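For the sequence shown, my numbering assigns the number 1307 to the initial residue and increments by one for each residue that follows.
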Amino acid sequence: YADCPPAEAAAEMGRNPRAGRFPKDVIIDPFSRHQKDDYAELCVGFWGAGRFDSSGCDSYHLFWTAAYDLIREARFDDGTPVLSPEMDQRIANDLLLAACTDMENWNDINNKCGPSRALSAACGILFQRPESARRALDGFSKLMDDCFHFDGFCRESPSYASMHLGLMANIPEILRGYSDPPGYRPEQGERFDNINPFEHVGRYRLALESMVRPLAPGNLYPHIGDTSYPMRLGAQWLETLTDRYSHDYAPLLEVAQGADLAIKGSEYALWYRDPAIDATREANLPLRTEWFPGWHVSVMRAGKPLGDTALYLNGYAYHGHRHHDTLGLIYHAFGREIASDRGYIWDDPRNAWTASTLSHNIVTVDGQSQVTSGRPAAQLELFGAAPGIEVTQARADGSYAQCDRYQRTTALVILPGEQTYAVDFFRVDGGKLHQYGFQCNGTLVDLTAPTPAPVDDQIKWLGNLRACAPVQPFTATWQNDDIRADLTVLSSIDRLLIADAPGWRSDRGTELNAPPIQQLFAERRAPEGAESIASSFAAVIAPYRGSSPVLSATLLEPEDGSDALAVEVKLAGRTDYVISNPDGVERRFGPVTLAGRFGFVSVGAEGMLLQGYLLDGTELSCAGTALGIPVDRLEIPVESVDGRTYHLGRPLPTDVMPAGAYVLAGDTGYEVESCTENTITVRDYPAIECEQLRLLNSLWFEARP
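Structural data, given as structure tokens:
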């Protein structure tokens, strides 16, 4: 702690953030730490130091300010003020304004700074300090700009989005309706007159909606980055959306809180909810298959937004409270998390494992975690959704310095009922060791590969390492209560390594001895003397109850030596072909001919084409039926951007961009809402500046019964 008046400590940390430069005898530490050559630091800064509490992010000062506001004009029955003039001045000057002055030295923008800005808002209004009110609004705006992507998603994780939004929530509430004192003119900018921060900071609405849009089945959050297990949807975000933006959110609020508005509500609802809200009409949470263009995460929901399936492909950039898992995969099926991410166990040394690349469903290169500093988001290359299949392809070459290619194509195939399976292609060029890692909740109960034998390998956090050398495709099966999940690895590998991985998912003591989960690594190594290796992994993931819908799976590789891959999947009554063809050159894969970058075909037992899907190509043919698109890889220059609308540099050909199609812009992409000859308007999120759009043409075919 700092052995000096609190105001001096706060001012010093403001002058020299984040820990100040104090005289060496001012900082008291039992172990004589935090001493520099000619000064000492209060190492925790405002994060862990305050005038009346142990953290600058605590809201005690704000609560006391609100309490003071409630009683400052109160009188006893005889008319005597509850607060004497001396008491009033002591509270106002020595408690509230002193605390506000302290906290206004804290200029950082981070996930804990919200309460200090809210205190500025309250004191600014209560004590006629318009510059404090401006500091509050400026902080609110900067929190949105610096800590949230343009689509509203937090730059950290869903758990930390909740923290950010919870700690900043009082800022717009306090400032709502604020006007500057009469006659006040700021040195810069305009006066505030009846300001509405909810409209002034437009990204806030998207940030509140972002707490709903990525939900997994059961209204759970996917455990992406530092997200706690389990984390469920709270009603507070929809409460604010309903009360401050539109009553159209009211039916969603009822869904979130699980009860009619008339019989349930929070303290926020007590003070702010309009009792006349009409929530009688039906509404569903705004879930759908989509790519979040700022966050760079896709969710594929098998055509049933409120169903039991969600497959996530995570392409985010590195940031605080994110993991080393760009292009990681999470698979929910039958309402449960199957292929899992272990999530976040708070400030615990075990985070070294849960955040590592090896702990995720991903390819690890050279046994190392992905780079941190400067790791960019993955570039979206393909995204498409049709009644029988959904697909995401993204590339993140910057994840490893030694790699020229780090690319994943994952397709979710939709079967009757809630049944699905996924086909996963992962291409990596560079490095000497590639480990395709995969793990599921439950227990590994079956393996068609040779019996693994113990090995001497040592990998921190992993135990019971054993290995074998499969000579043909193999299937590993996990059992989780009544659900099984099969991983069939079709590409050739050098070694299969299996390990017991930590099963804990929280920092609770009851989790310390959680049973391990079984994780496998399909490995490929560079030949002796080679500087690097190129790998193309192909796998099928099939969750199921009872018997697997997948009877067999076969890898089909073209004879021209290209990196194109196709998987033939035999099911009861049909055979599917899922094809990834990165360069789009026309090739034949078994009975299928594809000129395009992705294709899907389902053929009935009698040889008739049942379903076909062509994405980013011109032709797909099989079983005597051909699908054709006259325009390939249409790129349109962008003249200007306005909100969600791109104004095009040349006319758009007729009927090439139907609503629901996707366009690629920069390193991301959007679903098209509507278009005219000269404009394309995208759904839901602000359009980014870019020089051109690439239109992902697609065509779906389904035979009529």
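Using N, Cα and C, we set each Cβ at its ideal position, and we do this for glycine too. Please read these numbers as outputs of a predicted model, since none were measured by experiment.
Just curious, the beta strand (DSSP E) that residue i is in, first and last residue?
| i | result |
| --- | --- |
| residue 1784 | 1780-1786 |
| residue 2004 | 2004-2008 |
| residue 1953 | 1951-1954 |
| residue 1928 | 1915-1928 |
| residue 1382 | Segment: none, residue 1382 is in no beta strand (DSSP E) and carries neither H nor E. |
| residue 1882 | 1880-1886 |
| residue 1985 | 1985-1988 |
| residue 1687 | 1685-1692 |
| residue 1893 | 1893-1895 |
| residue 1699 | 1695-1701 |
| residue 1644 | 1642-1645 |
| residue 1677 | Residue 1677 -> no beta strand (DSSP E), and no H or E assigned at all. |
Verify whether the separation of the beta carbon atoms of residue i and residue j is less than 7 Å.
| i | j | result |
| --- | --- | --- |
| residue 1459 | residue 1422 | no |
| residue 1913 | residue 1925 | no |
| residue 1662 | residue 1747 | no |
| residue 1954 | residue 1984 | yes |
| residue 1509 | residue 1433 | no |
| residue 1696 | residue 1718 | yes |
| residue 1731 | residue 1861 | no |
| residue 1648 | residue 1660 | yes |
| residue 1799 | residue 1772 | no |
| residue 1864 | residue 1893 | yes |
| residue 1551 | residue 1511 | yes |
| residue 1481 | residue 1443 | yes |
| residue 2016 | residue 1388 | With the chain covering 1307 to 2011 only, the question about residue 2016 has no answer from this structure. |
| residue 1999 | residue 1971 | yes |
| residue 1439 | residue 1445 | no |
| residue 1627 | residue 1472 | no |
| residue 1386 | residue 1428 | no |
| residue 1333 | residue 1346 | yes |
| residue 1522 | residue 2006 | no |
| residue 1669 | residue 1734 | yes |
| residue 1823 | residue 1640 | no |
Quick one: is residue i buried, meaning 16 or more other Cβ sit within 10 Å of its Cβ, or exposed?
| i | result |
| --- | --- |
| residue 1590 | exposed |
| residue 1764 | exposed |
| residue 1587 | exposed |
| residue 1464 | buried |
| residue 1690 | buried |
| residue 1652 | exposed |
| residue 1309 | exposed |
| residue 1490 | exposed |
| residue 1868 | exposed |
| residue 1502 | exposed |
| residue 1855 | buried |
| residue 1658 | exposed |
| residue 1946 | exposed |
| residue 1319 | buried |
| residue 1395 | exposed |
| residue 1393 | exposed |
| residue 1457 | buried |
| residue 1476 | buried |
Locate the alpha helix (DSSP H) running through residue i, then write down its first and last residues.
| i | result |
| --- | --- |
| residue 1506 | 1503-1506 |
| residue 1657 | 1657-1660 |
| residue 1597 | No alpha helix (DSSP H) holds residue 1597; the beta strand (DSSP E) holding it covers 1596-1598. |
| residue 1423 | 1420-1432 |
| residue 1439 | 1436-1453 |
| residue 1328 | Careful: residue 1328 lies outside any alpha helix (DSSP H) and carries neither H nor E. |
| residue 1480 | 1476-1481 |
| residue 1354 | 1351-1354 |
| residue 1583 | Per DSSP, residue 1583 belongs to no alpha helix (DSSP H) and is neither H nor E. |
| residue 1375 | 1366-1377 |
| residue 1537 | Taken as a continuous stretch (DSSP letters only), residue 1537 belongs to no alpha helix (DSSP H), as it is neither H nor E. |
| residue 1543 | 1542-1550 |
Opposite residue i in the DSSP bridges: which residues?
| i | result |
| --- | --- |
| residue 1333 | 1308 |
| residue 1789 | 1786 |
| residue 1709 | 1736 |
| residue 1606 | 1617 |
| residue 1636 | 1618 |
| residue 1981 | 1986 |
| residue 1908 | 1882 and 1917 |
| residue 1807 | 1823 |
Problem - beta strand (DSSP E) runs contained entirely in the stretch 1816-1870, provided each spans 3 or more residues - result: 1823-1831, 1840-1850 and 1858-1862
Exercise for the section: Please list the segments of the beta strand (DSSP E) lying wholly inside the stretch 1728-1785, counting only runs of 3 or more residues, in order along the chain. Expected result: 1739-1745, 1749-1753 and 1769-1774
Handout entry: Segments assigned beta strand (DSSP E), at least 3 residues, entirely inside the stretch 1930-1978
Key = 1931-1934, 1940-1948, 1951-1954 and 1968-1971
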